[in-house]
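Trainee: In the working numbering, the protein residues as written are 4 to 83.
Ideal Cβ placement from N, Cα and C applies to all residues, glycine included.
Model, not experiment: these values are computed from the prediction.
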Amino acid sequence: ALGARDPQLTAVLAKAGALAAAQKQPTVIRVTALGEDFKYINQAIWRGVPARGPKPTLENLTAGANQTYSVSIEPMHAGS
Numbered sequence: 004a005l006g007a008r009d010p011q012l013t014a015v016l017a018k019a020g021a022l023a024a025a026q027k028q029p030t031v032i033r034v035t036a037l038g039e040d041f042k043y044i045n046q047a048i049w050r051g052v053p054a055r056g057p058k059p060t061l062e063n064l065t066a067g068a069n070q071t072y073s074v075s076i077e078p079m080h081a082g083s
């Protein structure tokens, strides 16, 4: 689990949100993390998404005990 909230990590996550929102096609941000960290990660990502304009979809996937955290930005596929 993430301990102290790292300002550099928060800034990188906000940039990921801004990047996803800037895409011309609908995007999905997939976050793999432990459930207890989703609130922090999601808030940091949404901080980078402009108030106006298209909003990416955010998908949270729960990590296993030894699984690494990841954030990916992908095009939204029809039916997903």
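Is the Cβ-Cβ distance between Thr65 and Gly38 less than 7 Å?
Mentor: yes
Trainee: Which residues bound the beta strand (DSSP E) around Ala36?
Mentor: Its beta strand (DSSP E) spans residues 30-36.
Trainee: Per DSSP, what are the beta-bridge partners of Asn63 in this structure?
Mentor: Val34
Trainee: What do you get for Thr30, buried or exposed, if any count of 16 or more other CB atoms within 10 angstroms of its CB means buried?
Mentor: By the beta-carbon neighbour count (other beta carbons within 10 angstroms, threshold 16), Thr30 is buried.
Trainee: What residue from Ile76, Glu77, His80, Tyr72 has the CA that sits closest to Leu5's CA?
Mentor: Tyr72
Trainee: Ends of the beta strand (DSSP E) at Val52?
Mentor: Unbroken run through Val52: none, as it is neither H nor E.
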